[in-house]
Structures are given as structure tokens and as C-alpha cells.
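Here the sequence shown stands for residues 1464 to 1697, where the numbers follow our numbering. Here the structure comes first, spelled out in C-alpha cells, and everything after it is commentary.
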Amino acid sequence: PSVGIVLGDISWDRIEILDMYKKEIVRTGIPFYPVVGNHDNQSRKQGDKLASAEYRKRMGPENYAFGLGKDIVIVLDNIIYDTRKQYQEGYAPHVLSWVKGLEAFIPESADLYIAQHSPILHWDQNGRKIINSHDLIGLVHGHEVHFISGHTHINNFFEYGNDIYEHNVASICGSWWSTLHCTDGTPRGYKVFTKKGDKVSWYYKSVDYPKDCQAEMFGLGQTELHPNSVVLNV
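Take a look at the structure:
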């Protein structure tokens, strides 16, 4: 079985785009599971619950889980929204409580895939980690955990020890204002995970390129920030 996950910011503060997305995504032929992002809230509504009310109406709950083989995929809202550009990244108390209640239904042998919008240990402009990140890690400790996040338009992979990893995946839309490449020069695309037995593997798939395309070279004068350099993005 194959499923898809979209890691938030499905719309850009225009909630009606969610209906267009639902109509088009069915053409993939596989189930697709949504994650709420900061741009999926109503920017002129104030407060986390009110701003996301229209998202819930059109897409369903922000926090939910489903089984995939013997493993569990957990989808979380880690955007504590107030108004446009006035939000915090982190886990509200009710989200932590929900995850704690979910634990009773998770087999000890299950690996966990936690899909969310913001990276688990994202640093904000003031040097602070996202709210309650260590509390969430404590709740899922004891499983092999793969956090899968978006938000940054950058490709990153982190190991936090004790079988906890994070895949911060570059975006399929590029950087919005430059649609062919993401902020770090990664071509627009998505990540593919495969689970066989107890082993999980993954690779990044660039749109318009074959699977084995894993590097891109920019020659002299091709990059605005480094015009006198040859840049290789791997």
C-alpha cells in the first residue's frame, strides 16, 4: 500500500484553495493525508481555535493517526496560531494530552512517523526552540520515531539519538516566489519512504528529474549570491 502526506501550507491564507486541492489530489490514485500549516489558517481570525475552524470544516481534524502496516502515522498541529504572522511553533497542551491518550492504542513494537508542519527542534529568530518539543519527544520515547516536517523550504536530516530522526523536506512548490528551486537550491520535489520488514529507506525525488538525480551543478554566473563560484548542491 502507498499513501501520500502533504506537510501543510496547502493554501496561502486563501482557504478556498483547500477545495481545489481536494479535487485535484484524487488524481494521484492513492490516499492523501493533510497536515495543517500556518498558511492554512484564516489570517484575519484571531485565536488558534477560531482561525483553524474553516480548515477543520473542509479537511477534518488537525490531530489524528492511522495505521500503515504494523506502524503508526501520527499527524499533529504544531502551529499555535493567533493572527497572520503572529503565531508560535510548538505543541499546545491539548495536543500533548491527545498524544498521551493515543499511547494506549500504540503497540510497543510499532515504529512511529510523526507528520507535522514545523520541524521538531526549529529555532526561532530569538534562538528559542519550539514550545514543548522536549515534552513531545518524551511521550514517544521507546519507539523508533521519524518526524517528517516542512515549513522551511529546505532539505535537512537530523538524528536526535535514541532512534529519533527528523526529515525536514523541501517543498514541491519551490520557494513560491521561485518555483523551480527551494530556498537552499534544492529542486522542487518530495521525499519517498519505503518500508520493507523492519528497514526503512528514503530518497528525495525532484520534480521533472529521474529518481537517480541527486546532485545539481550551477556554473559561473548562474547563482545570484555566488556569481564567481561553481556551486554543487547534493
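Glycine residues also receive a C-beta, built at the ideal position from the N, C-alpha and C atoms. These figures come from a predicted structure and were not determined experimentally.
Nearest neighbour of cysteine 1645, chosen from Met1483, Tyr1672, Ile1617, Val1670 [CA to CA]: Ile1617
Status (buried if at least 16 other CB within 10 Å, exposed otherwise) for glycine 1660: exposed
Coarse secondary structure for tyrosine 1653, derived from DSSP in three states: strand
Where alanine 1528 falls: helix, strand or coil (DSSP): strand
Secondary structure of leucine 1470, DSSP reduced to three states: coil
C-alpha distance - arginine 1651 paired with asparagine 1504, whole-angstrom precision: 24 Å
Glutamate 1552 and isoleucine 1537 closer than 8 Å at C-beta: no
Tyrosine 1576, buried or exposed, once every other Cβ within 10 Å from all chains shown has been counted against 16: buried
Identified DSSP bridge partners for threonine 1546: Gln1549
Option in Tyr1667, Thr1686, Gly1684, Leu1688 with minimal Cα separation from alanine 1678: Tyr1667
Sheet register partners of aspartate 1534 (DSSP bridge): Leu1531
Spatially closest choice to isoleucine 1635 from Ile1611, Gly1500, Pro1464, Leu1470, by CA coordinates: Leu1470
Segments assigned beta strand (DSSP E), at least 3 residues, entirely inside the stretch 1608-1650: 1608-1612, 1619-1624, 1627-1631
Residue span of the alpha helix (DSSP H) that contains glutamate 1517, given as start and end: 1516-1522
For glutamate 1566, the three-state DSSP class (helix, strand or coil): helix
Length of the line joining the Cα atoms of aspartate 1534 and glutamate 1571: 10 Å
With 16 other Cβ atoms within 10 Å as the buried cut-off, status of threonine 1649: buried
Buried or exposed by the 16-neighbour rule on C-beta atoms within 10 Å, applied to proline 1621: According to the sequence as given, residue 1621 is phenylalanine; it is not proline. With fewer than 16 other Cβ atoms within 10 Å, it is exposed.
Contact under 8 Å by Cβ, glycine 1682 with proline 1690: no
Cutoff 7 Å; reference cysteine 1676; Cβ partners in own chain excluding five residues on either side: Ser1669
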